[in-house]
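Remarks on the structure that follows.
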């Protein structure tokens, strides 16, 4: 029986979006993971050398997505996200990236970070990255064994599934907002438009502080709150024919997985790059004045998946992609 280490961003995370990423990867990799003994380890909390020594060797190590590529592997700066040090770096050696992306634009790699990444990831095994921006970023520092597969949360958004996503506006909507990128003017406008265009609006707090931020905004009293758990969100999406509108990227992708029409408000590099590479339905926050017009228009969801790249990556593990 194979022994596999899964380094997961959802352990110790304040963002349920990390659970959506991990859940999607486990679904896509089930042919390898299901018959194997998988040990789940965090990327958001410091690694313990003693515990890793206790766990021993593994057949595979996988890094399960999220924004882990940074310009400076400084454990003080990245206290809550891939807190690596020279002492713990060997624990990640030979790990394989799945749908990992760059944390932000215009990152300049420090000398030590370049050396660390090349030592960790350069080799014969192909790594899966989330977008062409991350692919180019890593190739520019000499890591050529990377392939742009898109985020694994999108791999199930096949042409067949996309045809089942309504093109017309639903009667109700589910909203998400992002506490760490607050913009009251933008977000009050979103709420005002949704209350005007939909008979009922729901709010799902994907992040720990999203609800607190939501309550600082105007006209929120009549908006119904969905419990902040992925299972509750999934059940809601199964039972309610809604549109998704919001700034939480993976909340929007999860809605698409449930065949719900989605308009993701792009507030960072992730949504922008996924829209550019794969036609994910994203409206840049700079164009928020057109939101009502977009909501009331008919549009098809047509995700352009890099099927060949996905299959190339998965074939390393004898997994067939059904996209």
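Residue numbers (the UniProt record's numbering): 1 to 323. All C-beta atoms in this analysis are idealised placements derived from N, C-alpha and C, irrespective of residue type, glycine included.
Using the Cα positions of residue i and residue j, report the straight-line distance between them to the nearest angstrom.
i: residue 15; j: residue 208; result: 6 Å
i: residue 178; j: residue 254; result: 16 Å
i: residue 148; j: residue 315; result: 15 Å
i: residue 105; j: residue 126; result: 23 Å
i: residue 121; j: residue 93; result: 7 Å
i: residue 40; j: residue 235; result: 25 Å
i: residue 339; j: residue 199; result: Because the chain here runs from 1 to 323, residue 339 falls outside it and cannot be looked at.
i: residue 89; j: residue 4; result: 18 Å
i: residue 60; j: residue 190; result: 44 Å
i: residue 128; j: residue 63; result: 10 Å
i: residue 47; j: residue 84; result: 7 Å
i: residue 333; j: residue 102; result: What the structure shows of the chain is the stretch from 1 to 323, and residue 333 is not part of that stretch, so it cannot be assessed.
i: residue 53; j: residue 91; result: 9 Å
i: residue 275; j: residue 307; result: 16 Å
i: residue 13; j: residue 313; result: 27 Å
i: residue 35; j: residue 1; result: 7 Å
So, helix, strand or coil for residue i, using DSSP?
i: residue 109; result: coil
i: residue 212; result: helix
i: residue 233; result: helix
i: residue 238; result: helix
i: residue 17; result: helix
i: residue 246; result: strand
i: residue 317; result: coil
i: residue 7; result: strand
i: residue 123; result: coil
i: residue 266; result: strand
i: residue 322; result: coil
i: residue 290; result: helix
i: residue 284; result: strand
i: residue 158; result: coil
i: residue 273; result: helix
i: residue 310; result: helix
i: residue 116; result: helix
i: residue 302; result: coil
i: residue 324; result: What the structure shows of the chain is the stretch from 1 to 323, and residue 324 is not part of that stretch, so it cannot be assessed.
i: residue 142; result: coil
Compare the C-beta of residue i against all C-beta atoms of chain D and say whether one is closer than 8 Å.
i: residue 49; result: Absent here is chain D; the protein component of the structure consists of one chain.
Find out if the Cβ-Cβ distance for the pair residue i, residue j is shorter than 8 Å.
i: residue 73; j: residue 113; result: yes
i: residue 108; j: residue 143; result: no
i: residue 151; j: residue 303; result: no
i: residue 204; j: residue 251; result: yes
i: residue 259; j: residue 137; result: no
i: residue 241; j: residue 170; result: yes
i: residue 249; j: residue 65; result: no
i: residue 294; j: residue 283; result: yes
i: residue 55; j: residue 100; result: no
i: residue 20; j: residue 153; result: yes
i: residue 186; j: residue 288; result: yes
i: residue 319; j: residue 97; result: no
Can you name the residues that DSSP bridges to residue i?
i: residue 102; result: 69
i: residue 225; result: 203
i: residue 31; result: Partner(s): none; residue 31 has no beta bridge.
i: residue 258; result: According to DSSP, residue 258 bridges with nothing at all.
i: residue 128; result: 147
i: residue 97; result: 63
Original post:
Which full runs of the alpha helix (DSSP H) of 4+ residues lie inside the stretch 162–207, going along the chain?
Top reply: The alpha helix (DSSP H) runs lying completely inside the stretch 162–207 and spanning 4 residues or more are 184–197, given in chain order.
**OP:** Could you tell me which uninterrupted alpha helix (DSSP H) segments, each at least 4 residues in length, are contained entirely in the stretch 29–63, listed from first to last along the chain?
**Re:** 30–33 and 49–55
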